[in-house]
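Shown next, in structure tokens, is the structure this report addresses.
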Amino acid sequence: MSQNLPNMLDRTITKIREMLDSNSVVGDPITVGDNVTILPISRISVGIGGGGSDFSSKVPNKENPFGGGVGAGVRVTPVAFLIIKDGSVRMVPVTAPANTTADRIVELVPETLDRIADFIDSRKKNQE
24 MSQNLPNMLD RTITKIREML DSNSVVGDPI TVGDNVTILP ISRISVGIGG GGSDFSSKVP
84 NKENPFGGGV GAGVRVTPVA FLIIKDGSVR MVPVTAPANT TADRIVELVP ETLDRIADFI
144 DSRKKNQE
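Here our numbering is used: the first residue of the sequence shown is 24, the next is one more, and so on.
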């Protein structure tokens with residue numbers, strides 16, 4: 024069996040690794056003003072396929088000819104932005120708004136928890 028197909032797959036995967044890194048998922052921070060930092064968050068989808076075949080050669084003692092190919096596709100989709108302001112973090116999704124009540128509740132949970140924590144902290148400060 025020819026080693027051409029595994030070599031082609033290895034080279035393709037190596038090239039994809041060179042293109043994508045952790046900065047493809049969590050982008051470089053963007054600083055706005057003195058105390059606001061924005062981090063873009065993305066989703067990455069990768070698909071790879073390949074195939075090939077050795078053909079018989081009519082010339083004795085010669086390596087069989089190989090025919091094959093490899094294809095790959097990469098998609099980077101923006102998902103959200105993390106906004107860091109004055110020590111609090113808020114996620115702003117890029118996707119379409121929630122369609123159902125349950126989806127909207129799930130989106131509101133982090134913000135609600137932040138507000139509850141702020142309320143509890145302010146009560147503790149008032150009691151001291």
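Virtual Cβ for every residue (Gly too), placed ideally from N, Cα, C.
Going by DSSP, which residues form a beta bridge with residue i?
i      : result
Ser76  : Gly90
Thr60  : Thr54 and Ile107
Ile67  : Val99
Pro83  : Note: Pro83 sits in no beta bridge, so no partner.
Val49  : Ile64
Val196 : Because the chain in this structure spans residues 24 to 151, residue 196 falls outside the shown range and cannot be described.
Pro116 : Ala103
Under 6 Å from any heavy atom of the ligand FAD, does the C-beta of residue i make it?
i      : result
Ser111 : With respect to small molecules bound, the structure shown includes none, and the ligand FAD cannot be examined in it.
Count the other C-beta atoms from every protein chain shown that fall within 10 angstroms of the C-beta of residue i, then say buried if there are 16 or more, exposed otherwise.
i     : result
Met24 : Because Met24 carries a pLDDT of 49, less than 50, the predicted location of this residue cannot be relied on, and the following value inherits that uncertainty. The residue is exposed, with fewer than 16 neighbouring Cβ atoms inside 10 Å.
Lys38 : exposed
Can you tell me the Cα-Cα spacing of residue i and residue j, whole angstroms?
i      : j      : result
Gly23  : Glu86  : For the chain, the structure presents residues 24 to 151; residue 23 sits outside this window and is missing.
Ala125 : Thr35  : 42 Å
Gly91  : Thr118 : 39 Å
Gly70  : Val93  : 11 Å
Val55  : Pro101 : 20 Å
Asn30  : Ile53  : 40 Å
Arg127 : Val112 : 19 Å
Lys42  : Leu32  : In the sequence as displayed, the identity of residue 42 is Met instead of Lys. Going from the Cα of Met42 to the Cα of Leu32 covers about 16 Å.
Lys148 : Asp141 : 11 Å
Val97  : Glu130 : 28 Å
Val152 : Gly110 : Any answer about residue 152 is impossible in this case: the structure gives the chain only from 24 up to 151.
Gln150 : Asp44  : 48 Å
Pro83  : Ile67  : 48 Å
Ile143 : Thr135 : 12 Å
Met114 : Pro88  : 55 Å
Asn58  : Pro116 : 21 Å
* Do the stretch 76–86 and the stretch 46–66 meet, that is, are 3 or more Cβ pairs less than 8 Å apart? -> No, the stretch 76–86 does not touch the stretch 46–66.
* **At least three beta-carbon pairs within less than 8 Å, the stretch 55–69 to the stretch 97–107** => As far as the Cβ criterion goes, the stretch 55–69 touches the stretch 97–107, which means the pair count is three or higher.
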